[in-house]
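Notes follow once the structure below has been shown.
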Amino acid sequence: MAVTLLALLAVQEGVANAQAAPSVAAAPDSHALYSYSEVMVPMRDGVRLQTVIMVPRNATGALPILLRRTPYGVPAKPYTEMPEQLSALAADGYILVVQNLRGRFKSEGTFSLAEDTRIDPGKGTIETRDGWDTVDWLVKNVPGNNGRVGIYGVSYDGYTAAATLLGPHPALKAVSEQASPVDQWMNDDHHRYGALRLSYTLEYAVLEEAEKSANSHFKFDKWDSYDWYLSAGPLSSINDTYLHGKIGFWNENLAHPDYDAFWKQRAWIDAVNSATVPNLNVAGFWDQEDPWGPWQIFKRSARSDPDGRNLMVAGPWFHGAWRGNVSKLGEMPLGENTGQTFRREIEAPYFAYWLHGKGQKPDWAAKIFETGSNVWRTYKAWPPAAKATDLYLHADGSLSFVAPGPNEKNAHRDYVSDPANPVPYRARPISPTYPDGDWRRWESADQRFVDHRPDVLSFVTAPLASDVTVAGEVSAELFASTSGTDSDFVVKLIDVFPDDAQSPPWAEDVGPEPGKFAQSPNGYQLPIAMEVLRGRYLASFEHPSALKPDQPLKWAVPLRDRDHVFRAGHRIMVQVQSSWFPLIDRNPQTFVPNINTAKAADFVAARQRIYTTSTMPSHIVLPVIEPAK
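In structure tokens form, the structure reads like this:
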């Protein structure tokens with residue numbers, strides 16, 4: 004939901020300093036592609052929102068309106084060159100409107116990350132209502148519009164687009180929510196099934212709530228943010244030493260560790276049960292912020308969609324990457340610019356059909372870029388028919404489609420998880436989340452940086468004799484125990500490339516230039532799915548409870564929807580660990596009623612055990628597509 008890519012796009016669109024934008028029509032620019040005006044659009048409660056309206060100078064007839072509502076700033080001037088991310092859309096002709104949310108930059112009112120998503124029964128959220136009022140004002144007051152409005156956006160802008168689904172204006176004819184969060188405790192930006200996304204939540208809350216008229220970056224006093232978060236100690240010390248209670252959303256996260264009424268009132272996805280207007284959902288399989296929300300919106304809307312207006316698109320993308328150019332995944336070439344393909348062949352035709360009445364209505368439910376084979380697949384329904392196939396972990400470190408036998412009666416593997424030395428989630432030194440840095444691409448990073456750590460277990464298959472195609476929901480079922488009374492388990496599903504996947508691109512007698520040796524797919528451990536589960540919530544998300552030391556339990560770990568081919572000659576790997584720092588806050592491994600108030604003395608090392616027996620067969624569940632006969 005954050006500004007990582009959105010800030011980049013904002014710079015590309017000239018919106019970084021929106022607070023300086025004039026409140027009247029801009030002076031004509033002979034090179035401008037659009038006329039430009041800034042207005043304060045009134046909402047039903049009297050609050051006025053800063054809104055920029057750009058009309059193509061070459062317009063010859065009535066045009067539809069394409070709206071984006073954002074907390075990140077509006078354009079300060081009209082475009083003199085068309086941004087690549089908008090070129091395919093702009094070719095069809097739109098009145099472009101960008102609006103700052105209430106309380107951001109020059110918009111009136113109060114901004115609150117938590118209040119923006121709170122559901123009012125029967126009324127949606129504040130963004131549902133502000134979206135409705137904005138559309139109503141635009142169609143009545145913007146000259147030359149054809150009465151049709153579309154709304155789109157990525158991340159937070161994706162949420163404001165998606166919120167209109169809870170109460171769309173009659174003039175709203177097309178929505179494209181892209182990477183919208185839907186439930187910030189269950190599995191979006193700020194938590195993964197209750198496990199706090201520490202570094203992201205802290206830095207994003209500061210970014211959005213520290214100043215009204217700026218996107219602020221937290222100032223670290225250590226170069227490696229891993230060191231900073233570790234030395235900060237228990238979560239309560241961050242407020243004591245750094246934030247001093249001034250960042251509301253951070254305080255709310257600490258005050259509500261469990262899935263209580265606070266979070267449930269903000270899980271706006273619960274109000275989605277049908278396809279109210281056409282909606283193009285867009286997700287990235289390597290989205291480091293909001294990989295879950297678009298799938299939930301798509302699946303909830305599919306409950307009642309007799310006209311086939313609810314669509315799903317997913318690809319090899321980090322958060323919002325489809326708005327740029329993406330021709331590689333990690334070190335693997337994809338064979339095309341997938342972002343450009345999306346914008347030209349999927350997004351632009353979608354809006355052209357619903358807003359201009361041009362072209363054909365999509366006859367598919369899902370259009371997915373299948374990685375591994377690196378081809379686009381079109382599905383009439385998602386998920387496609389697949390065979391649930393178990394891939395078993397074995398005590399010797401192997402991974403196979405053969406279940407543990409009687410001779411593995413007491414089989415298991417152990418490791419010690421120490422909160423004083425947590426497993427980093429990406430290679431150190433870890434840069435701040437903002438600005439830019441390495442945050443956007445870490446989910447596709449080579450996992451060899453933790454392979455062979457004593458607190459990370461790796462299980463791997465023999466080289467595959469044939470392709471294994473996986474399409475649909477992936478999950479893991481671990482049988483595990485801990486010597487503590489609370490614990491986390493992280494599961495990673497990895498595609499291991501052969502050591503000879505690519506011939507070296509340097510002369511044999513010269514060797515690689517400095518740093519180039521690692522920039523190769525050879526032996527690359529590409530994460531396909533990764534997730535964490537927190538032990539205190541195994542029995543109930545609402546009411547956490549302590550684990551019994553050394554008692555085996557089944558940990559059902561959802562790994563979300565995937566579409567990937569593990570190619571012949573590759574190997575499949577599973578990694579298991581109990582920390583993922585500082586992406587996820589450290590579990591003290593001692594149960595305390597509120598994990599966010601754990602004291603330093605509560606953090607203890609624990610022995611973790613993964614069972615691989617015939618009666619407790621830890622395994623991954625893969626939806627395997629059978630090869631055509």
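All letters in the sequence shown, in the order written, are residues 4 to 632 by this note's numbering. No residue lacks a Cβ here, since even glycine has one placed at the ideal position from N, Cα and C. On a predicted model such as this, the values are computed, not experimentally measured, just so you know.
Taking the C-alpha atoms as reference points, what is the distance between residue i and residue j?
i    : j    : result
P457 : D498 : 21 Å
L467 : A542 : 37 Å
K602 : Y82  : 53 Å
N328 : L89  : 12 Å
N254 : P435 : 21 Å
V42  : E476 : 46 Å
T615 : Q363 : 52 Å
V378 : S478 : 24 Å
I154 : A521 : 42 Å
A324 : K126 : 32 Å
D1   : P552 : Given that the chain is displayed from residue 4 to residue 632, the structure contains no residue 1 and the question cannot be resolved.
P409 : M576 : 24 Å
Y382 : K370 : 6 Å
R589 : S621 : 24 Å
T472 : P507 : 28 Å
M50  : G147 : Looking at the sequence itself, residue 50 is Val, so the reference to Met does not match. Roughly 26 Å separates the two Cα atoms.
M619 : E480 : 10 Å
M315 : H546 : 34 Å
K390 : A384 : 16 Å
S490 : A549 : 9 Å
M189 : R195 : 6 Å
S110 : K267 : 28 Å
W320 : K412 : 42 Å
Y245 : P422 : 22 Å
A351 : S304 : 22 Å
Give me the DSSP bridge partner(s) of residue i.
i    : result
Y382 : A369
L460 : V579
D564 : E476
W558 : L481
G127 : D123
Y207 : Answer is none; Y207 lacks a bridge partner.
A391 : P626
Q88  : According to DSSP, Q88 bridges with nothing at all.
V42  : T54
S403 : Y395
A609 : S420
T615 : P620
T374 : H567
Y37  : P59
Look up residue i in the DSSP assignment and say whether it is helix, strand or coil.
i    : result
I250 : coil
E411 : helix
R416 : strand
E214 : coil
S234 : helix
R132 : helix
N103 : strand
Q592 : coil
R443 : helix
F221 : coil
L69  : strand
T137 : helix
I433 : coil
P59  : strand
* What are the complete beta strand (DSSP E) segments, minimum 3 residues, inside the segment 466–540? -> Segments of the beta strand (DSSP E) lying fully in the segment 466–540: 471–485, 491–499, 528–537.
* Would you mind listing the beta strand (DSSP E) stretches within the segment 309–365 that are 3+ residues and don't spill past its ends, in chain order? => Taking only runs of at least 3 residues, the beta strand (DSSP E) segments lying wholly in the segment 309–365 are 313–318.
* Asked: Which runs of the beta strand (DSSP E) spanning at least 3 residues fall entirely within the segment 142–199, listed in chain order?
  -> Runs of the beta strand (DSSP E) inside the segment 142–199: 148–157, 175–181.
* Complete alpha helix (DSSP H) runs within the segment 257–286 (minimum length 4 residues, chain order) -> Fully enclosed alpha helix (DSSP H) runs of 4 or longer: 264–267.
* Asked: Should the segment 120–136 be regarded as contacting the segment 166–173, the criterion being three or more beta carbon pairs within less than 8 Å?
  -> A contact exists between the segment 120–136 and the segment 166–173.
* Asked: Do the segment 200–210 and the segment 248–262 meet, that is, are 3 or more Cβ pairs less than 8 Å apart?
  -> Touching, yes.
* Cβ pair count under 8 Å reaching 3, the segment 550–567 against the segment 220–230 -> Here the segment 550–567 does not lie against the segment 220–230, with fewer than 3 beta-carbon pairs under 8 Å apart.
* the segment 519–539 in contact with the segment 326–345 per 3-pair CB rule at 8 Å -> With three or more CB-CB distances shorter than 8 Å, the segment 519–539 counts as touching the segment 326–345.
* Asked: Taking one C-beta from the segment 91–100 and one from the segment 57–66 each time, how about it: are there three or more such pairs within less than 8 Å?
  -> With the cut-off at 8 Å, the segment 91–100 and the segment 57–66 touch.
* Could you tell me whether the segment 346–355 touches the segment 287–305, using the rule of 3 or more Cβ pairs below 8 Å? => Between the segment 346–355 and the segment 287–305, the count of Cβ pairs shorter than 8 Å is below three; the stretches do not touch.
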